[in-house]
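Following: one structure in structure tokens, then a few remarks.
2 protein chains.
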Amino acid sequence: MLLGLLAAAPPAKLLTPSDIVASAPASAWKTIPADDLLVMDLANGGQIVIQLAPAFAPVHVANVRGLARGHYWDGATVYRVQDNYVAQWGLNESDKPWPAGVTAKPPAEYTRVVRGLSITPLGSPDAYAPAAGFADGWPVGYSAKARRANLAHCYGSVGVGRDLSPDTGTGGELYAVIGQAPRQLDRNIALVGRVVEGIDRLSSLPRGTGDIGFYKDKAEYVPIASIRLASDMPAAERPSYEYMDTASATFARYLKLRANRHDAFYDVPAGGVDLCNVQVPVRKKP
Amino acid sequence: MLLGLLAAAPPAKLLTPSDIVASAPASAWKTIPADDLLVMDLANGGQIVIQLAPAFAPVHVANVRGLARGHYWDGATVYRVQDNYVAQWGLNESDKPWPAGVTAKPPAEYTRVVRGLSITPLGSPDAYAPAAGFADGWPVGYSAKARRANLAHCYGSVGVGRDLSPDTGTGGELYAVIGQAPRQLDRNIALVGRVVEGIDRLSSLPRGTGDIGFYKDKAEYVPIASIRLASDMPAAERPSYEYMDTASATFARYLKLRANRHDAFYDVPAGGVDLCNVQVPVRKKP
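Top line first, the protein sequences correspond to chains X and R. Going by the working numbering, the residue at position 82 of the first sequence is 82; the numbering climbs one at a time, nothing skipped. Going by the working numbering, the residue at position 20 of the second sequence is 20; the numbering climbs one at a time, nothing skipped.
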């Protein structure tokens with residue numbers, strides 16, 4: 001009865017993860033360089049902005065930049081949308097030559113050395129790696145023993161389509177995750193970044209009814225007007241974003257609350273959290 | 001060099017999880033009772049079929065059946081679609097009285113005793129519960145010590161919308177998960193089932209631009225033609241489904257392969273798998 005009475009008293013306002021983000025100091029944010037922003041405009045008007053991850057897949061990211069600068073993607077479409085998996089775009093089985101400077105057969109940039117990364121541990125167990133955490137703004141799996149880290153496939157992650165191993169893909173065909181994190185792809189495919197704006201433009205597309213979500217009819221393909229680097233756009237049109245420094249005290253508080261929701265909606269804080277349920281905060285530069 | 005040569009040799013065909021499902025014996029499948037199938041027809045023609053979970057939330061499931069039989073949902077719509085989270089439907093803030101027999105304030109059916117459940121352990125660590133696995137066809141978190149189990153919020157899971165705790169919701173407003181498993185909701189909200197057909201009809205809807213994904217304009221609401229129990233439909237129209245027995249040897253093989261993809265696409269089997277990446281196979285009855 002006493003517990004009931006106490007529960008009925010108006011609770012103090014308890015912080016949510018969003019509150020932490022909203023009140024984060026300027027020092028907790030890092031600007032994304034314009035050369036690391038890939039801007040994809042759909043012909044119907046939607047815009048998707050992707051942050052590239054050159055620290056993890058330098059050759060593939062250099063390719064993506066070269067493909068954008070070389071106008072490789074003129075005429076590209078979204079041609080595959082598989083429910084609870086990926087949306088994929090590019091030229092789809094094209095013979096178009098790679099622009100100059102693009103490496104047709106990049107190395108398998110699936111993991112990298114942990115040296116040089118600042119890793120904040122997740123603090124919860126992970127099914128796919130000895131440990132999970134956040135490295136320089138990115139969700140990663142890692143092995144302290146092997147001293148290797150890999151970008152994790154989370155919602156919004158962008159990777160390079162490829163054929164069967166040992167092919168690693170050139171970068172002309174990209175996909176974004178639009179469902180439950182397909183972490184089994186970690187260490188098997190090159191991730192080059194993540195969608196920081198407009199993922200809903202991809203996730204809400206009709207699902208393809210062909211094998212593994214390919215659109216059966218070319219009339220279903222979703223036309224892409226342009227794919228450009230922000231650094232190649234006129235200054236006035238150029239989008240600018242910042243992400244939360246995952247080594248900051250603010251991020252540590254955000255992470256802790258993500259694992260222990262205690263605001264009024266929740267009875268039982270989980271006491272743990274999945275790597276891909278801690279989205280690193282990203283926002284338009286104020 | 002030798003490794004390179006070996007790798008270049010044509011590999012033996014290695015089984016995928018889909019191969020296991022395709023070759024599963026009849027004994028590995030269990031029919032879903034017609035009283036456990038909720039059939040939702042969108043006015044635009046799409047059909048969504050939900051398997052109910054009376055073993056986990058008996059009062060809430062009884063409510064859902066009573067709401068369907070009492071035609072409570074006449075005029076219902078999908079009125080909220082939040083990206084990477086949920087699609088939600090019902091009457092949205094209606095004063096319509098509950099049909100006879102519906103329990104307005106059900107108990108908090110967030111966990112249940114493990115006694116009576118046949119649990120197959122996942123075999124990988126879980127961030128949200130002491131252990132995870134599959135109980136009578138459902139993904140669950142559980143505690144051997146507390147002897148309690150809870151349905152897990154995975155892609156396609158269907159739960160009961162509610163206001164702030166200790167309200168548990170009546171069942172008139174339901175949601176389906178359309179993104180990364182929001183496992184923080186486990187043990188905080190009543191799950192009543194999962195979508196077994198047509199989740200793509202919900203996941204591909206336009207996202208709401210209001211707070212937490214509500215459609216701002218009623219013109220955006222997606223009309224629902226009917227929500228019925230399969231057991232109340234004419235036999236000729238009635239859909240029939242079966243799910244894989246999660247205590248079967250076939251499911252054990254499927255689970256093992258989900259955690260260790262070794263077919264030609266993969267270089268590195270994960271050696272582990274997330275609970276929500278092991279979707280229990282469900283299919284139309286042949």
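From the three backbone atoms N, C-alpha and C, an ideal C-beta is built for every residue, glycine too.
| Check | Outcome |
| --- | --- |
| Closer than 9 Å at the beta carbon, the chain R residues around A181 of chain X | Q180, A181, D274, C276 and N277 |
| Residues bridged to K284 of chain R (per DSSP) | R:Y241 |
| Residue-level contact to chain R via CB, D126 of chain X, 8 Å cutoff | yes |
| Cα-Cα separation between T170 of chain X and V114 of chain R, rounded to whole angstroms | 50 Å |
| CB contact below 8 Å: L164 of chain R versus chain X | yes |
| Bridge-paired residues (DSSP) for I119 of chain R | R:A135 |
| Interface partners of Y266 of chain X on chain R, CB under 8 Å | S165, Q184 and N188 |
| Where D211 of chain X falls, given that 16 or more other Cβ within 10 Å makes a residue buried | exposed |
| Chain R contact residues for L205 of chain X, given Cβ-Cβ distances below 7 Å | S204 |
| Cross-chain neighbours of D83 of chain X in chain R, by beta carbon under 8 Å | I199, D200, S203 and S204 |
| Contact set between Y155 of chain X and chain R, taken where Cβ atoms lie within less than 7 Å | N84, G179 and Q180 |
| Chain-ordered chain X contacts of R261 of chain R [CB-CB under 7 Å] | Q184 |
| Amino acids of chain C, ordered along the chain, whose beta-carbon sits closer than 7 Å to that of A53 of chain X | Any reference to chain C falls outside this structure, whose protein chains are X and R. |
| Under the three-state DSSP convention, the category D163 of chain R falls into | coil |
| Any 3 or more C-beta pairs closer than 8 Å across the stretch 180-190 of chain R and the stretch 139-152 of chain R | yes |
| Neighbourhood of M1 of chain R by C-beta distance below 6 Å, restricted to the same chain and skipping five residues each side | Any answer about M1 of chain R is weak, because its pLDDT of 25 lies below 50 and its placement is not dependable; what the coordinates show is given next. There are no such residues. |
| Cutoff 8 Å: A26 of chain X Cβ touching any chain R Cβ | no |
| N277 of chain X - DSSP class collapsed to helix/strand/coil | helix |
| Per-residue burial, S118 of chain X [other beta carbons within 10 Å of its own, 16 or more giving buried] | exposed |
| Span of the alpha helix (DSSP H), counted from its first residue to its last, around A22 of chain R | P17 to A22 |
| Candidates X:D41, X:R283 and X:A100, of which the one nearest D74 of chain X by Cα | X:D41 |
| Beta bridge counterpart(s) of G141 of chain X as assigned by DSSP | X:A132 and X:N150 |
| Close Cβ partners of L15 of chain R (< 8 Å) along its chain, the five nearest in sequence each way excluded | L257 and D263 |
| Range covered by the beta strand (DSSP E) that runs through I199 of chain R | That residue, I199 of chain R, is in no beta strand (DSSP E); its alpha helix (DSSP H) goes I199 to S203. |
| As assigned by DSSP and simplified to three states, the class of L67 of chain R | helix |
| Residues bridged to Y175 of chain R [DSSP beta-bridge criterion] | R:Q88 and R:G159 |
| Amino acids of chain X, ordered along the chain, whose beta-carbon sits closer than 7 Å to that of A144 of chain R | Going along chain X, no residue has its Cβ under 7 Å from A144 of chain R, so there is no contact; the nearest lies around 16 Å. |
| Three or more C-beta pairs below 8 Å linking the stretch 242-261 of chain X and the stretch 125-140 of chain X | yes |
| Cβ shell of L205 of chain R (< 8 Å), same chain only, five flanking positions each side left out | V78, V81, A87 and V222 |
| Three-state class that DSSP yields for I212 of chain X in the structure shown | helix |
| Counted within 10 angstroms of its Cβ, other Cβ atoms place D95 of chain R as buried (16 or more) or exposed | exposed |
| Contact with chain R by A252 of chain X, beta-carbon distance below 8 Å | no |
| Limits of the alpha helix (DSSP H) - the one that R228 of chain X falls within | Not the alpha helix (DSSP H): R228 of chain X falls in the beta strand (DSSP E), residues V222 to L229. |
| Helix, strand or coil at K256 of chain R according to DSSP, with G and I counted as helix | helix |
| Expected contact under 8 Å - CB spacing of E197 of chain R and I32 of chain R to nearest Å | Rounded, the Cβ-Cβ distance is 11 Å, inconsistent with contact. |
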